[in-house]
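Asks:
Numbering (the numbering used here), first residue to last: 696 to 1041.
1. Can the beta-carbon of residue 800 be found less than 7 Å from the beta-carbon of residue 837?
2. Assign residue 823 to buried or exposed, taking buried as 16 or more other Cβ atoms, counted over all protein chains shown, within 10 Å of its Cβ.
3. Please classify residue 945: is it buried, with 16 or more other beta-carbons within 10 angstroms of its beta-carbon, or exposed?
4. Work out the CA separation of residue 930 and residue 998 for me, nearest whole Å.
5. Helix, strand or coil, according to DSSP, for residue 701 in the structure here?
6. Taking only the alpha-carbon atoms, compute the straight-line gap between residue 767 and residue 742 and give it to the nearest angstrom.
7. How many Å lie between residue 1023 and residue 910 at the Cα?
8. Please state if the CB of residue 960 and the CB of residue 968 are separated by a distance shorter than 7 Å.
9. Give a yes or no on whether the C-beta atoms belonging to residue 918 and residue 908 are separated by under 7 Å.
10. Looking only at its own chain, which residues have a Cβ that is under 7 Å from the Cβ of residue 912, when we skip the five neighbours before and after it?
11. Helix, strand or coil for residue 847 per DSSP?
12. Given a threshold of 16 other Cβ atoms within 10 Å of its Cβ, counted over all protein chains shown, does residue 657 qualify as buried or as exposed?
13. Could you give the C-beta distance for residue 1016 and residue 1003, rounded to a whole number, given that I count them as a contact under 8 Å?
14. Distance, Cα to Cα, residue 811 vs residue 783?
15. I think residue 774 touches residue 735, with their Cβ atoms under 8 Å apart; what is that distance to the nearest whole Å?
16. Closest by CA to residue 857, which one among 765, 925, 978?
17. Take the Cβ of residue 764 as the centre, count every other Cβ of all protein chains shown within 10 Å, and call the residue buried at 16 or more, exposed below.
18. Rounded to a whole number of angstroms, what is the C-alpha to C-alpha distance between residue 963 and residue 955?
19. Do residue 848 and residue 835 have their C-beta atoms within less than 7 Å of each other?
20. Within the present structure, is the beta-carbon of residue 1001 separated from the nearest heavy atom of the ligand GTP by less than 6 Å?
21. Would you mind working out which of 947, 916, 927 sits nearest residue 995, comparing C-alpha positions?
22. Going by beta-carbon coordinates alone, are residue 829 and residue 860 separated by less than 7 Å?
23. Cβ atoms of residue 986 and residue 1020: under 7 Å apart, would you say?
24. Rounded to a whole number of angstroms, what is the C-alpha to C-alpha distance between residue 965 and residue 949?
25. Beta-carbon separation of residue 781 and residue 808 under 7 Å?
26. On the CB-based measure, 16 or more other CB atoms within 10 Å of its CB, does residue 795 come out buried or exposed?
27. Just the C-alpha distance for residue 850 and residue 826, rounded to the nearest angstrom, thanks.
28. Using beta-carbon positions only, say whether residue 947 and residue 983 come within less than 7 Å of one another.
29. Can you tell me the Cβ-Cβ gap for residue 804 and residue 727, rounded? I've got them flagged as a contact below 8 Å.
30. Rounding to the nearest angstrom, what Cα-Cα distance links residue 863 and residue 934 in this structure?
Have a look at this one:
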């Protein structure tokens, strides 16, 4: 009899939690002034109804779930926010989902605000469509240590996480609504829609392989036969990444000389900013310098398969952080740019 009462009460509790979740979503839509956008509103509510995120979650996660539904609606409807809308979205996420903020968290949030003001207008359409999702995940980590996919990230790595997500939009990029019907959209479908953007693993041509082996032989001083055997075991994305570093070997040598003096990175900073045509923060300069110093170690660890993914998320944070540094320096190409280049050449 006791178990029967508990079973009868469960749907009631779920109904009350769902009602509260929809109230939060409605409030967010109103604050963003997009509650009259029928497609955005309808998709967001469908995502909420199909979500289980409100179960066994803290109060801050309730707001995260509502904001994540809006971000998912942007992806599925290919809706890009204006700069002011993104600014408001970030403000709502911070004020509803972060309590008892530390000075370190406030400083990081400020840098995100400043980045939005400085770079958002120059982003391409796909990056803008994906940006709300990045904001939700960053705020989720600051509030609870994990993003909406369950990936755990330490607070001190959040800026790296943010910049990497910006550089690699392919991890959350969307397909058109006609390919993924809005009426059947679920949280899982948002996580899987990047499959539409994936390309088949390209095999290196004989000339490309020979050139890569020669360069890696110079850098690592390993036997060419051993290098060939290691490359044969690598995944496509790792082959492309070490190919990028090999292609930019002369730059690695140049930058290594500029950062020989660890106390003065001004020459390195000047060279990077002149070549990239954009200003870089002290954090980015330090991060890039660290990655350049460890280029040989990175290549050796990739060849040896030492970057073992941690936990259930398939991420090796050391590898992830080094690759972010190579993206800053321009020694490595992001997945999004690589796909764009392939399509342009098709």
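Glycine included, C-beta positions come from ideal geometry on N, C-alpha and C.
Replies: Straight from the coordinates:
1. For the 7 Å CB-CB criterion, residue 800 and residue 837 form a contact.
2. By the neighbour-count rule (16 or more Cβ atoms within 10 Å), residue 823 is buried.
3. Answer is exposed; the Cβ neighbour count stays below 16.
4. Pairing residue 998 with residue 930, the inter-Cα distance amounts to about 11 Å.
5. Note that residue 701 has pLDDT 40, beneath the 50 cutoff, so the model's placement of it is unreliable and no number is given.
6. Rounded to the nearest angstrom, the two C-alpha atoms are 8 Å apart.
7. The C-alpha of residue 910 is placed about 22 Å away from the C-alpha of residue 1023.
8. With respect to residue 960, residue 968 sits apart: the two C-beta atoms are not nearer than 7 Å.
9. In this structure, residue 918 sits away from residue 908, with a CB-CB distance that is not shorter than 7 Å.
10. For residue 912, where only same-chain residues beyond five positions count, the Cβ hits under 7 Å are 919, 922.
11. In the structure shown, the three-state DSSP call for residue 847 is strand.
12. Shown here, the chain extends from 696 to 1041; a query on residue 657 therefore has no answer.
13. Taking 8 Å as the upper bound for CB-CB distance, residue 1016 and residue 1003 are not in contact here, some 15 Å apart.
14. Linking residue 811 to residue 783 through their CA atoms gives a straight-line distance of about 11 Å.
15. Here residue 774 really is in contact with residue 735; their C-beta atoms are around 6 Å apart, less than 8 Å.
16. In terms of CA proximity to residue 857, 978 leads the group 765, 925, 978.
17. That one is buried.
18. Roughly 10 Å between the two C-alpha positions.
19. Taking C-beta atoms as the reference points, residue 848 and residue 835 fail to come closer than 7 Å.
20. Looking for the ligand GTP in the displayed structure turns up nothing, as the structure carries no ligands at all.
21. Of the candidates 947, 916, 927, the one whose C-alpha sits nearest the C-alpha of residue 995 is 916.
22. Yes.
23. Taking 7 Å as the cut-off, the beta carbon of residue 1020 is found closer than this to the beta carbon of residue 986.
24. Distance between the alpha carbons of residue 965 and residue 949 is about 13 Å.
25. Taking the C-beta atoms as reference points, residue 808 is found no nearer than 7 Å to residue 781.
26. By the 10 Å Cβ count, residue 795 comes out exposed.
27. Approximately 20 Å between the Cα atoms of the pair.
28. No, the Cβ-Cβ distance between residue 947 and residue 983 is not below 7 Å.
29. Incorrect: roughly 18 Å between the Cβ atoms, too far for contact.
30. Cα to Cα, residue 863 sits roughly 17 Å from residue 934.
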